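> Numbering-wise (the numbering used here), the sequence shown opens with residue 65 and increments by one. Note that the Cβ used here is the ideal one computed from N, Cα and C, for glycine as well. The structure displayed is predicted, hence computed values, not measured ones. Got a structure for you, written out below as structure tokens; questions coming shortly.
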Amino acid sequence: MFNNKSILITGGTGSFGKQYIETILERFKPKKVIIYSRDELKQFEMQQKFNASEMRYFIGDVRDAERLSQAMRGVDYVIHAAALKQVPAAEYNPMECVKTNIHGAQNVIKAAIENEVEKVIALSTDKAANPINLYGATKLVSDKLFVAANNMAGGHVTRFSVVRYGNVVGSRGSVVPFFKKLIAEGAKEIPVTDPRMSRFWISLQDGVNFVLSNFERMHGGEVFIPKIPSMRITDLAEAVAPGMPIKVIGIRPGEKLHEIMVPADDSHLTLEFENHYVIKPAIRFAHPMDYSIDVTEKKGISVKEGFEYNSGMNPDFLTVEQLREMNEQL
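Dropping the structure here:
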């Protein structure tokens, strides 16, 4: 479905954007792939690897509505990946996080509708479910904006959906590169915030594949959540640094012991498919849709009342050996 299509990725110089570009150019023949981001150095570095004739690089910030609208002219599909994501940084710089993650989301929506973009998928995070930190709270607002945008579109063709998933193995700023850096510097122990901590765990490629598949199956208004394994932080430390002592340093500001991707309060809206969940919109749309059957005609069933998709209660946990294999594949 991406052949001869123009695709724009906000925040496209990040880990997701690079993996997405590699995947899309291998599997399809797009007309244009536009990287929209604000860091000229990262764009320059990315151009050294991705310099195909289909590639375009736009300097711009999602806070700049006019520049966004200009960049989306003639675009068919948008992936909104731009965000301020570091939990402690958001706690100390709250308005900067709000400007990018909330105001920026609204700018993406407005520009997409103005330019008759066909489909938009916004990347969310497990931290948006029952958020306790500012980053998660801003992403929850962003999710709500993108769902409601399907009503805002009115007679326009644009449809919006959200993809929510957990920690990405080896992504920039994540814990694995941090652990490896400490080991390379000669650290004698691995810092762990709390030995009980668990997280959802997904590879970058699986995240990209999930987003690609949701462009095909989306009606508009869904929050898509993949079924993925969890990991224990102590198992991850053992996988990266076998036998190295652990130092418990305490939970950071805005951090949870376990992450949630489907809150129990949303169980009445949640459908289970073979490999993923869908949270239906809580609001009514002018043109109601049957979300229990996706566009590819796959069928989902309602989950039980009170169902919660929680990393600590997930039936699928990665072993130390599996975590080690994933890390080696990086």
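Hey, which unbroken runs of the beta strand (DSSP E) at 3 residues or more fall wholly within the segment 315-358?
324-326, 334-336 and 340-343
> Take I266 as the anchor and find which of K368, P293, K163 and K245 has the nearest alpha-carbon.
P293
> Alpha carbons only, please: which of K244, N197, F349 and Y373 is nearest the one belonging to G318?
It is N197 whose Cα lies nearest to the Cα of G318.
> State the beta-bridge partners of R296 as determined by DSSP.
Beta-bridge pairing links R296 to S262.
> Measuring alpha carbon to alpha carbon, tell me which of A147, R228 and D140 ends up nearest N95.
Inspection of the sequence shows that residue 95 is occupied by Lys rather than by Asn. Of A147, R228 and D140, the residue nearest in Cα terms is D140.
> Enumerate in chain order the residues of its own chain whose CB-to-CB distance from S375 is below 6 Å, with the five nearest sequence positions on each side excluded.
Residues of the same chain with a CB within less than 6 Å of the CB of S375, apart from the 5 flanking positions on each side, are S262, R263, F264, S294, H322 and E323 in chain order.
> Count Cβ pairs between the segment 297-304 and the segment 334-344 that sit closer than 8 Å; are there 3 or more?
no
> DSSP beta-bridge partners for F224?
V184
> Note down, in chain order, each residue of its chain lying with its Cβ closer than 7 Å to the Cβ of M65, except the 5 sequence neighbours on either side.
The answer, listed in chain order, is F279 and E280.
> Looking at the ligand GTP, does it come within less than 7 Å of V287, judged from the CB to the closest heavy atom?
The model depicted lacks the ligand GTP and carries no ligand whatsoever.
> Output the boundary residues of the beta strand (DSSP E) element that contains I254.
I254 to V256
> Could you tell me the alpha carbon to alpha carbon distance between F381 and A193, rounded to whole angstroms?
20 Å
> Taking contact to mean at least 3 C-beta pairs separated by less than 8 Å, is the segment 197-216 in contact with the segment 240-249?
no
> With a threshold of 16 other CB atoms inside 10 Å of the CB of P379, please say whether the residue is buried or exposed.
exposed
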